[in-house]
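Sequence order for the protein chains is A and B.
Just so it is clear: in the first sequence, position 72 is 72 by the numbering used here, and no numbers are missing.
Just so it is clear: in the second sequence, position 180 is 180 by the numbering used here, and no numbers are missing.
Using N, Cα and C, we set each Cβ at its ideal position, and we do this for glycine too.
Remarks on the structure that follows.
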Amino acid sequence: MVVRVRLRVDPIKCKAHGMCAELFPERIRMDDWGYPVIDQRALSDDVLEHAHRAIADCPRAALWVEPVDEPGARVRPDDTD
Amino acid sequence: MSSSMDVGSRSQRLLPPRPVPEDLDAHLAGFGPRPQIGSMAMIDALDDSGLRGRGGADFPTGVKWRAVMDHTKRDGDAVVIANAAECEPASFKDRFLLTYRPHLVLDGLEHAAEAVGARRVVIYTTRSHSDVVAALRAAIRERRRRDDSDRFIDVQVGPNRYVAGEETALVARVSGHLAKPKVVPPRPFQNGVDHLPTLVQNVETLAHAALIARFGAPWFRSVGTKRSPGTALLTVSGAVRTPGVLEAACDTTVGAIVDRAGGVEGEPAAVLLGGYFGRWVAADRIWNQTIDADALRSVRAHLGTGVLVIAPDTTCGIGETDRVLTFLASQTAGQCGPCHVGLPAIAEMFHQVATGRARPAALDLLVRWSHDVRGRGACRHPDGATLFLASAMEVFAADLRHHLRHGSCRFSGQRSLLPVPATEAGWW
Numbered sequence: 001m002v003v004r005v006r007l008r009v010d011p012i013k014c015k016a017h018g019m020c021a022e023l024f025p026e027r028i029r030m031d032d033w034g035y036p037v038i039d040q041r042a043l044s045d046d047v048l049e050h051a052h053r054a055i056a057d058c059p060r061a062a063l064w065v066e067p068v069d070e071p072g073a074r075v076r077p078d079d080t081d
Numbered sequence: 001m002s003s004s005m006d007v008g009s010r011s012q013r014l015l016p017p018r019p020v021p022e023d024l025d026a027h028l029a030g031f032g033p034r035p036q037i038g039s040m041a042m043i044d045a046l047d048d049s050g051l052r053g054r055g056g057a058d059f060p061t062g063v064k065w066r067a068v069m070d071h072t073k074r075d076g077d078a079v080v081i082a083n084a085a086e087c088e089p090a091s092f093k094d095r096f097l098l099t100y101r102p103h104l105v106l107d108g109l110e111h112a113a114e115a116v117g118a119r120r121v122v123i124y125t126t127r128s129h130s131d132v133v134a135a136l137r138a139a140i141r142e143r144r145r146r147d148d149s150d151r152f153i154d155v156q157v158g159p160n161r162y163v164a165g166e167e168t169a170l171v172a173r174v175s176g177h178l179a180k181p182k183v184v185p186p187r188p189f190q191n192g193v194d195h196l197p198t199l200v201q202n203v204e205t206l207a208h209a210a211l212i213a214r215f216g217a218p219w220f221r222s223v224g225t226k227r228s229p230g231t232a233l234l235t236v237s238g239a240v241r242t243p244g245v246l247e248a249a250c251d252t253t254v255g256a257i258v259d260r261a262g263g264v265e266g267e268p269a270a271v272l273l274g275g276y277f278g279r280w281v282a283a284d285r286i287w288n289q290t291i292d293a294d295a296l297r298s299v300r301a302h303l304g305t306g307v308l309v310i311a312p313d314t315t316c317g318i319g320e321t322d323r324v325l326t327f328l329a330s331q332t333a334g335q336c337g338p339c340h341v342g343l344p345a346i347a348e349m350f351h352q353v354a355t356g357r358a359r360p361a362a363l364d365l366l367v368r369w370s371h372d373v374r375g376r377g378a379c380r381h382p383d384g385a386t387l388f389l390a391s392a393m394e395v396f397a398a399d400l401r402h403h404l405r406h407g408s409c410r411f412s413g414q415r416s417l418l419p420v421p422a423t424e425a426g427w428w
C-alpha cells in the first residue's frame with residue numbers, strides 16, 4: 001500500500017524567505033506578506049520531486065512531508081467556515 | 001451510586017446553592033469523601049457520560065484521558081495540569097467555580113491523576129487572577145492537613161496573555177519555557193511537560209468528572225442532549241439585568257438563559273457566543289436555540305468557553321468588533337507570520353473601515369486576508385480572530401456599510417460592551 005503524503009510547514013520556523021513558492025509553485029503560493037500557503041491535498045508522484053526540492057532548499061528547514069492520516073495533525077478549516 | 005444530587009435544582013450541579021465559598025468541611029458534608037475508582041472504570045464512566053472539554057475545544061474527555069494513560073509507560077510518569085488560565089476577557093466562570101467550589105475541582109484533578117498515572121499535578125492560572133491563586137493555595141493546604149496523599153498539587157502562574165491558556169503554551173510554561181503555543185503534533189499526550197505524557201484539562205471539566213465519579217454517567221446524562229449532555233457554566237453579560245455566572249442544562253435556550261440573568265434590558269440585536277474566538281449571531285436567529293453543540297452549529301456558532309454577551313440594538317457592533325480585533329491582534333505570540341503579520345494588518349484595515357478611511361474594496365481584501373490566515377498558525381488564534389470578524393461583518397453588515405461611508409453610526413461613542421484588558425507588554 002502506498003502511503004499518501006502531504007506537505008507541511010512549521011509556521012514558527014518559517015520566516016518568509018519564499019524559496020518554496022519559487023521551487024514548488026504547483027502547490028505553494030505566497031500570501032500578501034510572503035508566507036507560504038500550502039495546498040493540503042495529497043502529493044501525487046509527478047510533483048513529489050518538486051516537493052523534495054522545496055524541502056531541501058528551505059533556509060529554515062521548515063518544510064516536511066507527513067502521511068495524510070497523521071493522527072492529531074491540523075489542517076486548514078473548510079472553506080465553508 | 002448516590003442520588004442525593006437529585007435534590008434541588010436539576011440544572012445546578014457545579015455551583016453551590018448559596019454563593020458562599022465552600023471549605024473542605026462544607027464540601028465533605030455535601031458530597032462525602034471522594035470515591036475510590038479504578039482507572040478503567042473512571043475513564044469508561046467518562047466515555048459513557050459523553051462529557052466534553054469546557055475550555056472551548058469541546059473534545060471528548062474520556063478520549064483525552066485514555067490517550068494520556070496509554071502513553072504513560074510507568075505509573076506516576078504522567079503529568080496532569082488543571083487549566084484555570086481563563087484568558088478569555090468576557091469569561092469568569094472558571095474563577096467563579098474555583099472561588100465557590102475549589103474542592104470539587106481538586107477532587108476531579110485527583111481523579112485525573114489517579115486515572116492517567118500522574119505524580120506531578122499542577123493547577124495553572126494567570127498572574128492577574130490573584131484571588132484565585134490565594135483561594136487555591138488555601139484549599140490545597142486544607143486538604144494536606146487531612147489526607148496522606150503523596151501527591152503535591154502545585155499552583156503555577158502564567159502571563160495574562162490571550163494565547164497563554166492554549167494547552168501547548170501552558171505545557172511550555174510549566175516546563176520552564178515561555179507560555180507560547182507549539183506546533184502540533186506532537187500533542188501534550190504524546191510529548192508534554194518535560195517530554196512526559198501530559199493531560200491538560202479545564203477546571204470546569206474536572207469538576208464535572210468529579211461528579212461523574214460520584215453519581216455515574218447516567219446521572220450526568222439525565223439533563224442536556226445526547227451530543228451535549230449535562231450542564232455548563234456560562235458567563236452572561238451585556239444587556240441583561242443581572243450579569244454574572246450561572247449554570248444551565250445544555251438543552252436550555254438562549255432566551256431562557258437571558259431570563260435567568262434577570263431578563264433583557266432594551267431590545268437585543270445580537271449575541272456574541274463562545275468568547276472572542278466565538279461568533280456573533282443575530283438575536284432573532286439565536287433566541288430560541290438551545291446551547292447544545294448541534295443547535296449552535298445550525299447557526300454556525302459554538303459555546304466556546306460558555307460566554308454569552310447580549311448586544312442591545314443600541315450597540316455599535318462595528319466599534320466593538322474593531323476594539324476586540326485590535327486586542328486579538330496584539331495578543332499574538334509573535335511566532336507565526338500569518339498571525340503576527342496578518343492579524344495586525346487585518347485589524348488595521350478593519351479599523352480604517354470602521355473609521356471611514358477605507359475604499360469599499362477593503363471589505364473584499366478583509367475577506368481574502370481572513371481566509372488566507374486561517375489554519376496557518378501553530379495554534380488556532382488566527383482562525384478564532386478571523387471567524388469572529390467574519391461573523392461581525394455578516395451580522396452587522398448594514399452598520400458596516402454605514403461606517404465605511406461615514407466613519408461612524410448613530411451608536412458610536414456609546415458605553416462599550418466588550419471588555420478589553422490592557423496588554424502586558426513583553427511579559428510571557
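If you draw a straight line from the C-alpha of residue i to the C-alpha of residue j, how long is it?
i: lysine 73(B); j: glycine 238(B); result: 49 Å
i: arginine 8(A); j: alanine 361(B); result: 32 Å
i: leucine 63(A); j: aspartate 10(A); result: 6 Å
i: alanine 209(B); j: aspartate 107(B); result: 9 Å
i: glutamate 265(B); j: glycine 274(B); result: 21 Å
i: proline 400(B); j: leucine 296(B); result: The displayed chain sequence assigns leucine, not proline, to residue 400(B). Answer to the nearest angstrom: the Cα atoms are 25 Å apart.
i: proline 59(A); j: leucine 48(A); result: 19 Å
i: aspartate 6(B); j: arginine 143(B); result: Confidence at aspartate 6(B) is low in this model, with a pLDDT of 42, below 50, so the placement of that residue is unreliable and no value is reported for it.
i: serine 330(B); j: serine 391(B); result: 20 Å
i: glycine 244(B); j: arginine 260(B); result: 10 Å
i: valine 171(B); j: arginine 405(B); result: 47 Å
i: tyrosine 124(B); j: alanine 358(B); result: 43 Å
i: arginine 221(B); j: proline 229(B); result: 5 Å
i: leucine 104(B); j: valine 341(B); result: 42 Å
i: alanine 16(A); j: tyrosine 35(A); result: 5 Å
i: methionine 40(B); j: leucine 51(B); result: 16 Å
i: threonine 290(B); j: cysteine 14(A); result: 42 Å
i: lysine 64(B); j: valine 203(B); result: 15 Å
Taking the beta strand (DSSP E) that residue i belongs to, which residues open and close that run?
i: isoleucine 12(A); result: That residue, isoleucine 12(A), is in no beta strand (DSSP E); it is neither H nor E in DSSP.
i: glycine 319(B); result: Counting along the chain, glycine 319(B) falls outside any beta strand (DSSP E), though it belongs to the alpha helix (DSSP H) covering 317 to 330.
i: serine 237(B); result: 231 to 238
i: leucine 199(B); result: 198 to 202
i: glycine 158(B); result: 152 to 158
i: proline 89(B); result: Segment: none, proline 89(B) is in no beta strand (DSSP E) and carries neither H nor E.
Residue i by DSSP, collapsed to three states: which one?
i: glutamate 394(B); result: helix
i: aspartate 131(B); result: helix
i: tryptophan 427(B); result: coil
i: valine 309(B); result: strand
i: phenylalanine 59(B); result: coil
i: aspartate 79(A); result: Because aspartate 79(A) sits at a pLDDT of 37, beneath the cut-off of 50, its placement in the model cannot be relied upon, and the point is left open.
i: valine 68(A); result: coil
i: tyrosine 124(B); result: strand
i: glutamate 441(B); result: Residue 441(B) is absent from the structure shown; chain B starts at 1 and stops at 428.
i: valine 264(B); result: strand
i: isoleucine 55(A); result: helix
i: arginine 144(B); result: helix
i: isoleucine 28(A); result: strand
i: alanine 62(A); result: coil
i: glutamate 471(B); result: As shown, chain B starts at 1 and ends at 428. That puts residue 471(B) outside it, with no answer to give.
Tell me, to the nearest whole angstrom, how far the beta carbon of residue i is from that of residue j; I am working on the premise that it is less than 8 Å.
i: histidine 111(B); j: alanine 213(B); result: 5 Å
i: alanine 42(A); j: cysteine 20(A); result: Their Cβ separation, rounded to whole angstroms, is 18 Å, which puts alanine 42(A) and cysteine 20(A) out of contact at 8 Å.
i: isoleucine 310(B); j: valine 258(B); result: 6 Å
i: glycine 306(B); j: leucine 233(B); result: 5 Å
For the alpha helix (DSSP H) holding residue i, just list the boundary residues, first then last.
i: aspartate 77(B); result: From DSSP, aspartate 77(B) is part of no alpha helix (DSSP H) but of the beta strand (DSSP E) over 76 to 84.
i: valine 174(B); result: 167 to 174
i: glutamine 40(A); result: Unbroken run through glutamine 40(A): none, as it is neither H nor E.
i: valine 373(B); result: 361 to 373
i: isoleucine 286(B); result: 283 to 286
i: aspartate 32(A); result: Counting along the chain, aspartate 32(A) falls outside any alpha helix (DSSP H), and DSSP gives it neither H nor E.
i: leucine 343(B); result: 342 to 354
i: alanine 431(B); result: A question about residue 431(B) goes unanswered here, because the residues of chain B that appear run from 1 up to 428.
Does any CB atom of chain E fall closer than 7 Å to the CB of residue i?
i: aspartate 31(A); result: Chain labels in this structure do not include chain E; the protein chains are A and B.
- request: Would you list, in chain order, the members of the stretch 321 to 344 of chain B that have their beta-carbon closer than 7 Å to a beta-carbon of chain A?
  value: Gln335, Cys336, Gly337, Pro338, Val341, Gly342
field: Members of the stretch 181 to 198 of chain B near chain A, C-beta cut-off 7 Å
entry: Val183, Val184, Pro185, Arg187
query: Looking at chain B, which residues of the stretch 38 to 59 of chain A have a Cβ within less than 8 Å of any of its Cβ atoms?
result: none
task: With 9 Å as the limit, tell me which residues of the stretch 356 to 373 of chain B have their beta carbon closer than that to any beta carbon of chain A; keep them in chain order.
output: Leu365, Arg368, Trp369, His371, Asp372, Val373
field: Where the stretch 10 to 25 of chain A meets chain B: residues whose CB sits under 7 Å from a CB there
entry: Asp10, Pro11, Ile12, Cys14, Ala16
Against chain A: residues of the stretch 370 to 402 of chain B by CB proximity under 7 Å: Asp372, Arg374, Gly375, Arg376, Gly377, Ala378, Asp383, Leu387
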